[in-house]
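Here's the structure, in structure tokens; my notes come after.
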Amino acid sequence: MGDHSEQERLRRLGERIARMKGEVDPPSESHKDAHSQGQMAWRMVSELVAGLLVGFGMGYGLDALFGTQPWLLLLFTALGFAAGVQGVMRTAQGMQRTLEAEARAAAAGKTPVQGAGKPAGSAPATEQRGDTRRG
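At position 44 of the sequence shown (counting the first as 1) the number is 44 in the numbering used here, and the numbers step up by one without a gap.
Structure follows, in structure tokens:
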């Protein structure tokens with residue numbers, strides 16, 4: 001008799017667990033988008049800082065070599081900043097193209113094409129090198 005009541009309790013517990021699991025929503029698309037946007041923001045910051053550091057390093061090295069302190073340092077730091085801003089703008093334009101493609105696909109009632117409007121530099125390495133061979 002005790003065995004039957006335990007089985008019944010386990011069955012009801014299993015049903016409750018199944019109901020609870022059904023009530024839990026899977027991660028939403030907005031959560032995934034926020035993660036993707038965070039990655040893109042980090043990429044933009046990295047591009048800007050890398051441009052500044054490379055420009056600073058080149059300017060410092062050339063100033064030390066030619067004895068022109070601080071003029072080449074200032075010039076190359078400004079050029080590095082400009083290169084970093086250009087990279088940030090390129091990434092932002094790629095994000096904008098992606099959002100526009102998704103909006104057009106949603107308006108047309110279609111599923112967006114995977115990879116449509118990806119930001120510059122997001123292609124696989126073989127495509128970045130211009131390698132046209134097919135394996």
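Beta carbons are placed, not taken as given, at the ideal position from N, Cα and C, and that holds for glycine.
Task: Length of the line joining the Cα atoms of MET44 and GLN69 - done: Within the sequence shown, residue 44 is the residue found at index 44, counting from 1. Within the sequence shown, residue 69 is the residue found at index 69, counting from 1. Going by the C-alpha atoms only, they are around 30 Å apart.
Open item on the list: According to DSSP, is LYS110 part of a helix, a strand, or is it coil?
Closed with: If you number the sequence shown from 1, residue 110 lands on position 110. DSSP places LYS110 in coil when its eight states are reduced to three.
TODO: Would you decide whether GLY38 is buried or exposed? Buried here means 16 or more other CB atoms lie within 10 Å of its CB.
DONE: Here residue 38 corresponds to residue number 38 of the sequence shown, with the count starting at 1. Exposed, by the Cβ-count rule.
Task: Where GLN69 sits in the DSSP three-state scheme - done: Reading the sequence shown from its first residue, position 69 is the one you call residue 69. Three-state DSSP puts GLN69 in coil, outside helix and strand.
Open item on the list: Let me make sure I understand the geometry here. Which of ALA18, HIS35 and ALA41 has the alpha-carbon closest to that of GLY94?
Closed with: For this step, residue 94 is matched to residue 94 along the sequence shown. Checking every option, the nearest Cα to that of GLY94 belongs to ALA41.
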